[in-house]
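Structure first, then comments.
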Amino acid sequence: MTEVILKKQRPKHLALNEIRLPLPGKVSILHRVSGAGLFLMLPVLLALFGSSVGSPESYAAYKDIVGNIFVKLLLVGLLWAYLHHFCAGIRFLLLDAHIGIDKQSAVNSARLVLIVSLTLTFLLVAKLW
2 MTEVILKKQR PKHLALNEIR LPLPGKVSIL HRVSGAGLFL MLPVLLALFG SSVGSPESYA
62 AYKDIVGNIF VKLLLVGLLW AYLHHFCAGI RFLLLDAHIG IDKQSAVNSA RLVLIVSLTL
122 TFLLVAKLW
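Convert by adding 1 to the 1-based position in the sequence shown; the result is the number in the numbering used here.
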């Protein structure tokens, strides 16, 4: 007797706009994006730091640069990226230790990461702006 092996039809073209990613997956992608953004912006942050601690003239130039609304928005985005990356990193460390690996706990911890990172960003921006 010959057995027929049925092969599952796979899509030829993956429609990325139709994929419904769960919240932990979105937090994971944001963790990677925030890490890459922080890494790529590190030279800019170091240059800003260098001009802020240099001479009084370089500090005046630093104040002019940071006074721009677009630079402020960029720094707010980097602050959120740092806080999200930090909170999600703690979440992933706990997952690596097999804490909260069931589905509901993973969704709750992902939700908590988003809430905490956005809240801390809002509080720090309100304090620093």
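Heads up, the beta-carbon is just placed ideally off N, CA and C, and yes, glycines get one too. What you are looking at is a predicted structure, and each value in this text was computed from that prediction instead of being measured.
Please report the distance separating the alpha-carbon of residue i from that of residue j.
{"i": "Asn69", "j": "Ser59", "result": "16 Å"}
{"i": "Ile91", "j": "Ala98", "result": "11 Å"}
{"i": "Leu41", "j": "Lys8", "result": "43 Å"}
{"i": "Leu95", "j": "Gln10", "result": "38 Å"}
{"i": "Thr122", "j": "Ala61", "result": "26 Å"}
{"i": "Gly38", "j": "Asp65", "result": "24 Å"}
{"i": "Asp103", "j": "Phe93", "result": "13 Å"}
{"i": "Leu22", "j": "Gln105", "result": "15 Å"}
{"i": "Gly51", "j": "Leu17", "result": "42 Å"}
{"i": "Ala127", "j": "Pro44", "result": "26 Å"}
By the three-class DSSP mapping on this structure, what secondary structure does residue i have?
{"i": "Arg11", "result": "coil"}
{"i": "Arg21", "result": "coil"}
{"i": "Gly51", "result": "helix"}
{"i": "Asp103", "result": "coil"}
{"i": "Ser110", "result": "helix"}
{"i": "Trp130", "result": "coil"}
{"i": "Gly78", "result": "helix"}
Is the beta carbon of residue i sitting closer than 8 Å to the one on residue j?
{"i": "Tyr63", "j": "Ser56", "result": "no"}
{"i": "Leu80", "j": "Leu49", "result": "no"}
Leaving out five residues before and five after residue i in sequence, what residues of the same chain have Cβ atoms less than 7 Å from its Cβ?
{"i": "Leu24", "result": "Val108, Ala111 and Arg112"}
{"i": "Gly101", "result": "Leu95, Ala107 and Ser110"}
{"i": "Arg33", "result": "none"}
Using C-beta distances below 8 Å, list every residue in its chain close to residue i, excluding the 5 sequence neighbours before and after it, in chain order.
{"i": "Lys73", "result": "Val67 and Trp130"}
Leaving out the 5 sequence neighbours to the left and right, which residues in its chain are closer than 6 Å to residue i when beta-carbon positions are compared?
{"i": "Ser35", "result": "Ala82, His85 and His86"}
With contact counted as at least three CB pairs below 8 Å, one residue from each stretch, are the stretch 79-92 and the stretch 107-114 in contact?
Contact between the stretch 79-92 and the stretch 107-114 is present, with at least three C-beta pairs closer than 8 Å.
At least 3 beta-carbon pairs within less than 8 Å: the stretch 22-31 vs the stretch 97-113
The stretch 22-31 is in contact with the stretch 97-113.
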